[in-house]
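In this note's numbering, the protein residues as written are 382 to 633.
Yeah, the Cβ is synthetic: ideal placement off N, Cα and C, and Gly gets one too.
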Amino acid sequence: MSFEGRFLVITGASSGIGAQLARELVERGARVGLLARREERLQHLSNELPPGTSTWAAADVTDREGLHRACEQLVAEGGEPDVVIANAGFNRPETAPEFKPGRALSIYDTNLLGFLHTLDWALPRFLERGAGHVVGIASVASYFGFPHNAAYCGSKAAMRVHLQSLRMSLKRSGVAVTTICPGFVESELTQKNNFTMPFLWPTDRAARRIADAIERRAAEVVFPWQMRWLVTLGLARLVPRSLAERLLTGSG
Ligand SMILES: NC(=O)c1ccc[n+]([C@@H]2O[C@H](COP(=O)([O-])OP(=O)(O)OC[C@H]3O[C@@H](n4cnc5c(N)ncnc54)[C@H](OP(=O)(O)O)[C@@H]3O)[C@@H](O)[C@H]2O)c1
382 MSFEGRFLVI TGASSGIGAQ LARELVERGA RVGLLARREE RLQHLSNELP
432 PGTSTWAAAD VTDREGLHRA CEQLVAEGGE PDVVIANAGF NRPETAPEFK
482 PGRALSIYDT NLLGFLHTLD WALPRFLERG AGHVVGIASV ASYFGFPHNA
532 AYCGSKAAMR VHLQSLRMSL KRSGVAVTTI CPGFVESELT QKNNFTMPFL
582 WPTDRAARRI ADAIERRAAE VVFPWQMRWL VTLGLARLVP RSLAERLLTG
632 SG
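Quick look at the structure:
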């Protein structure tokens, strides 16, 4: 699929991967619809992009009706989307002594329910047209329950498996489904991490990789390859679970 003249809606477009992906897609000839909560960030990004290539609307993905209203606003300004990218997400790692009731729920609310609210808006119109493309930004964290990140890993695992099932269900519908599982990428999310992040990618490199995957309507992409090996083969198949858990918690 060429991006020339296509309209792609991106949730979580006010910073990090979403904002850089918007820049990358516009560079490749697309128009973008930007969604997130921070209006000034969206306005700023839209002003930075060439005139006529972007439109934006503020929305919280956890608010189903508000999100759907904002999506309709994008359609009114930019037309029917060819691709909807569910990228909005966040994480707040926690250690056992700081366990806060409700924190896990708020992560699931954004990462999983927000994603489902996005699908609820996109899928019926794509299916009616018999064309369209849904893209979900999951994570390498969807493959393993890493310590202190239960809700994040759980929400991303649910998202990845949901998309896998959907991809097969929609096989003959004309609607494509792509799952993206990035490793560590520079963004506001990873800026908060106070540990060394292995194989950390700059945002523009990740955005190029994601745009390539969307362009060829890939099924599932896991990057970088070192993380793909680690999560899909090493931790999942080669290393016994008990050893993996001991290594990850530093206990002998
Ligand atoms: N960076 C990584 O290493 C990495 C790795 C794997 C997966 N991911 C995934 O990539 C996606 C983008 O994250 P990022 O790394 O680019 O982090 P980021 O810079 O913090 O961007 C997160 C985006 O999501 C939006 N967002 C968060 N909660 C929202 C809500 N309730 N409603 C609407 N928008 C919301 C934020 O916008 P507002 O605050 O303006 O609403 C922001 O635009 C996330 O799903 C994340 O889980 C990131």
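V442 has its Cβ nearer than 7 Å to a heavy atom of ligand 1. Shortest Cα-Cα distance from G397 to any of Q454, F527 and S568 involves S568. According to DSSP, T392 shares a beta bridge with L416. For F527, there is no enclosing beta strand (DSSP E), as DSSP marks it with neither H nor E. Where A485 is concerned, the enclosing alpha helix (DSSP H) starts and stops at R484 to Y489. A residue is called buried when at least 16 other Cβ atoms come within 10 angstroms of its Cβ; N492 meets this threshold and is buried. Here A451 has L416, A438, A439 and A440 as same chain residues with Cβ atoms under 8 Å from its own Cβ, once five neighbours each way along the sequence are excluded. For I398, the shortest C-beta to heavy atom distance toward ligand 1 is below 7 Å. Annotation for E420: A439 place their beta carbon closer than 7 Å to its own, counting only its chain and skipping 5 residues before and after. In summary, P462 is buried, with 16 or more beta-carbon neighbours lying within 10 Å of its beta-carbon over all protein chains present. Residues of the same chain with a CB within less than 7 Å of the CB of N472, apart from the 5 flanking positions on each side, are I488, N530, Y533 and L570 in chain order.
For the pair A588 and L402, the CB atoms are nearer than the 8 Å cut-off. The alpha-carbon separation between R622 and L616 amounts to approximately 7 Å.
Per DSSP, the unbroken beta strand (DSSP E) holding T559 starts and ends at V556 to P563. Apart from sequence neighbours up to five positions away, the residues of its chain that approach V407 with a beta-carbon distance below 8 Å are V413, L430, P431, T434 and S435, ordered along the chain. Nearest to P583 by C-alpha distance, out of G564, V558, A625 and A600, is G564.
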